[in-house]
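One structure is given below, encoded as structure tokens.
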Ligand SMILES: [Zn+2]
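In this note's numbering, the protein residues as written are 25 to 133.
Rendered as structure tokens:
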């Protein structure tokens with residue numbers, strides 16, 4: 025594949041699915057990563073968790089730090105986009121399940 029399509033976080037195969045909770049604001053759904061991981065894996069069985077991105081904090085499971093290097097993913101939209109490319113290329117991610125109420129993505133592969 026050419027690199028031309030990879031700028032701005034666009035990936036060739038990573039499918040992004042938003043799971044919207046539509047209802048009264050006083051009934052907020054869980055924002056706990058472990059809970060949302062189970063929900064994403066249940067929705068898209070047999071896909072399994074490979075990564076996450078927390079848009080509120082920029083926290084994520086980083087292949088760079090796991091490899092002993094320094095993280096280059098800034099906690100903003102640019103970092104999130106670069107991370108999506110890394111998830112697809114280095115972590116075998118195929119699906120991004122995005123929960124807007126928590127601003128959190130669970131990546132499955
Ligand atoms: Zn990182």
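Cβ coordinates follow ideal geometry from the N, Cα and C atoms, glycine included. Predicted model, so just to flag it, every value in this text is computed and none were measured.
Residue 77 and residue 83 have their C-alpha atoms some 6 Å from each other.
Taking a cut-off of 8 Å on C-beta distances, the stretch 51-65 does not touch the stretch 96-106, as fewer than three cross pairs fall below it.
For residue 129, the pairing in a beta bridge is given by DSSP as 77 and 122.
Here the alpha carbon of residue 125 sits roughly 12 Å from the alpha carbon of residue 48. If you draw a straight line from the Cα of residue 81 to the Cα of residue 46, it is about 23 Å long. Taking 7 Å as the cut-off, one finds at least one heavy atom of ligand 1 near enough to the beta carbon of residue 89. Below 8 Å, enough C-beta pairs join the stretch 63-78 and the stretch 113-131 to call them touching: three or more. For residue 40, there is no enclosing alpha helix (DSSP H); the enclosing beta strand (DSSP E) has its first and last residue at 39-42. One thing to note: residue 111 has its Cβ within 8 Å of the Cβ of residue 74.
Distance from the CA atom of residue 64 to the CA atom of residue 97, rounded to whole angstroms, is 23 Å.
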